[in-house]
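Residue numbers (our numbering): 1 to 77.
Inspection log for the structure reproduced underneath, given as C-alpha coordinates.
Structure, rendered in C-alpha coordinates:
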(Lines of atoms letter the chains of each structure in order from A and count residues from 1; the text may use other names and numbers.)
(Lines give C-alpha, C1' and ligand atoms only; values in the text may rest on other atoms or scores of the structure.)
Protein backbone atom coordinates (compact mmCIF):
# COMPACT_ATOMS: atom_id res chain seq x y z
CA UNK A 1 0.00 0.00 0.00
CA UNK A 2 1.16 3.54 -0.58
CA UNK A 3 1.59 6.39 1.91
CA UNK A 4 2.98 9.91 1.73
CA UNK A 5 5.93 10.33 4.13
CA UNK A 6 7.40 13.55 5.48
CA UNK A 7 9.91 13.95 8.27
CA UNK A 8 11.91 16.64 10.01
CA UNK A 9 15.37 17.26 8.60
CA UNK A 10 17.17 15.98 11.70
CA UNK A 11 15.74 12.50 11.15
CA UNK A 12 17.75 10.35 8.80
CA UNK A 13 15.60 7.90 6.82
CA UNK A 14 17.62 5.56 4.62
CA UNK A 15 16.77 5.83 0.94
CA UNK A 16 13.56 7.85 1.35
CA UNK A 17 13.38 11.59 0.79
CA UNK A 18 10.91 13.65 2.78
CA UNK A 19 7.82 14.35 0.71
CA UNK A 20 8.03 10.96 -1.02
CA UNK A 21 5.41 8.37 -1.73
CA UNK A 22 6.37 5.11 -0.07
CA UNK A 23 5.12 1.58 -0.68
CA UNK A 24 4.78 -0.28 2.64
CA UNK A 25 3.18 -3.56 3.77
CA UNK A 26 -0.50 -3.34 4.66
CA UNK A 27 -1.18 -3.10 8.41
CA UNK A 28 2.28 -1.73 9.28
CA UNK A 29 2.45 0.27 12.52
CA UNK A 30 4.37 3.46 13.26
CA UNK A 31 6.97 1.43 15.18
CA UNK A 32 7.42 -0.93 12.24
CA UNK A 33 7.65 2.03 9.86
CA UNK A 34 10.50 3.52 11.93
CA UNK A 35 12.36 0.20 11.62
CA UNK A 36 11.55 0.02 7.90
CA UNK A 37 13.01 3.52 7.40
CA UNK A 38 16.07 2.55 9.49
CA UNK A 39 15.61 5.53 11.79
CA UNK A 40 18.39 5.64 14.39
CA UNK A 41 17.38 3.68 17.51
CA UNK A 42 18.12 6.67 19.77
CA UNK A 43 15.71 8.80 17.71
CA UNK A 44 13.03 6.09 17.61
CA UNK A 45 12.54 6.49 21.37
CA UNK A 46 11.59 10.16 21.07
CA UNK A 47 10.07 10.54 17.60
CA UNK A 48 6.56 12.00 17.43
CA UNK A 49 4.37 10.68 14.63
CA UNK A 50 1.26 12.08 12.98
CA UNK A 51 -1.11 10.21 10.67
CA UNK A 52 -3.31 12.51 8.59
CA UNK A 53 -2.55 15.44 10.95
CA UNK A 54 -3.50 13.50 14.10
CA UNK A 55 -0.95 12.42 16.68
CA UNK A 56 -0.29 8.69 16.44
CA UNK A 57 0.99 6.11 18.90
CA UNK A 58 3.72 3.62 18.06
CA UNK A 59 1.27 0.71 17.83
CA UNK A 60 -1.20 2.55 15.57
CA UNK A 61 -1.62 0.91 12.16
CA UNK A 62 -1.12 3.18 9.16
CA UNK A 63 -4.10 3.22 6.77
CA UNK A 64 -3.72 3.18 2.98
CA UNK A 65 -3.06 6.56 1.33
CA UNK A 66 -2.17 8.14 4.70
CA UNK A 67 0.02 11.20 5.17
CA UNK A 68 2.63 10.38 7.82
CA UNK A 69 4.78 13.08 9.42
CA UNK A 70 7.67 12.22 11.76
CA UNK A 71 9.49 14.72 13.94
CA UNK A 72 11.70 14.94 17.01
CA UNK A 73 11.10 17.21 19.99
CA UNK A 74 13.06 20.45 19.71
CA UNK A 75 14.21 22.48 22.67
CA UNK A 76 16.25 25.57 23.03
CA UNK A 77 16.64 28.61 25.04
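Every residue, glycine too, gets a C-beta built ideally from N, C-alpha and C.
Bear in mind the structure is a predicted one, so any value in this text is a computation, not a measurement.
Worksheet entry | Limits of the beta strand (DSSP E) - the one that residue 4 falls within | Per DSSP, the continuous beta strand (DSSP E) segment holding residue 4 begins and ends at 2-7.
Worksheet item: What does a CB cutoff of less than 6 Å around residue 18 pick up in its chain, not counting 5 residues either side in sequence?
Response: Excluding sequence neighbours, residue 18 sits near 6, 7.
Worksheet item: Thinking C-beta only, is residue 29 closer than 9 Å to residue 65?
Response: With a cutoff of 9 Å on beta-carbon distance, residue 65 and residue 29 are scored as not near each other.
Item to complete: Report the rounded CA-to-CA distance for residue 53 versus residue 67, giving the unit in angstroms.
Response: Between the alpha carbons of residue 53 and residue 67 lies a gap of roughly 8 Å.
Discussion item. If distances are taken between C-alpha atoms only, which option among 16, 20, 50, 15 comes closest to residue 31?
Written reply: It is 50 whose Cα lies nearest to the Cα of residue 31.
Worksheet item: By Cβ distance below 7 Å, which residues in the same chain neighbour residue 40 in space, the five residues on each side in sequence not counted?
Response: Same-chain partners within the cutoff: 12.
Discussion item. Rounded to whole angstroms, what is the Cα-Cα separation between residue 73 and residue 46?
Written reply: Pairing residue 73 with residue 46, the inter-Cα distance amounts to about 7 Å.
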